[in-house]
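Everything below concerns the one structure shown next.
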Amino acid sequence: MRRTRPAAFVAVTLALALWAQQDLRAQEQAAAEAGVRDALQRYSAALQSLDAAAVKKVQPSIPVENLAKAFREMRELKVEIDSVRVLSSNAATARVSCRVTQTLTPKAGSRQTTAVIRVIRLRRDANAWVIDGFER
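Start counting the sequence shown at 326; every next residue gets the next number (my numbering).
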C-alpha cells in the first residue's frame, strides 16, 4: 500500500527550500556588495597614490601609459566615492551608481574640484572585484 504525504508536509518542505534559496541569494548579494565597495575604495586609494600600476590592478582596461603621464603633471589628487547605490549584482558582475568627487592639484596651476554621478560596471576577477567600465 502506498502512503501519500500530507499536503502540509509538502508545503512546508517547499517553503523551506524556497527560503533557503532566497537566503543564499541574499548572502551572495551581500558578499557582492561588500566586494564592490572594497573595489571602489581600492580604486580611490590607487588614484590618490598617483600610481598608475595600482590603478591598473583595480581597472585593468585603463591605458597605464596615458595615466602615468597625467599623474606626472599632478601634485595631489584627492578622490572621494560616496552615495554608492548597487543597481544590480550577482556573483560575477555588478552595476553601481555613485558620486565621485575629485580635487586635483596640478604642479602648475590652481586646484580644481569636480563632482559627478557615475554608473560603474564591475566584474569579479579571481578573488577580487575590478572595474570593467563606466557608463556615465
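Just so it is clear, CB atoms sit at the ideal spot from N, CA and C, and this is done for glycine as well.
Within the same chain, and ignoring the five residues on either side of E353 in sequence, the residues whose Cβ sits closer than 8 Å to its Cβ are N415, A416. Residue pairing by DSSP places Q427 opposite V404, T439 in a beta bridge. Cβ contact annotation for S386 (same chain, cutoff 6 Å, sequence separation greater than five): none.
The criterion of a C-beta distance shorter than 8 Å is not satisfied by T428 and R420. Counting the other CB atoms within 10 Å of its CB gives I445 a total of 16 or more, which places it among the buried residues.
Secondary structure within the stretch 362 to 406: the alpha helix (DSSP H) runs of 4 or more consecutive residues, fully enclosed, are 377 to 383, 389 to 397 (chain order). Our two residues, I442 and V425, have alpha carbons roughly 6 Å apart in a direct line.
Per DSSP, the beta-bridge partners of G458 are R446. Rounded to whole angstroms, the Cβ separation of V380 and L392 is 6 Å, and the two are in contact under 8 Å. A451 sits in coil when the DSSP states are folded into three classes, being neither helix nor strand. Residue environment for A356: exposed (fewer than 16 other C-beta atoms within 10 angstroms of its C-beta). In the three-state reduction of the DSSP assignment, A357 falls in the helix class. The beta carbon of L402 sits closer than 7 Å to those of L372, Q373, L375, Q427, L429, all from its chain and outside the five residues before and after it, given in chain order. The bridge partners DSSP lists for A419 are S414, L447.
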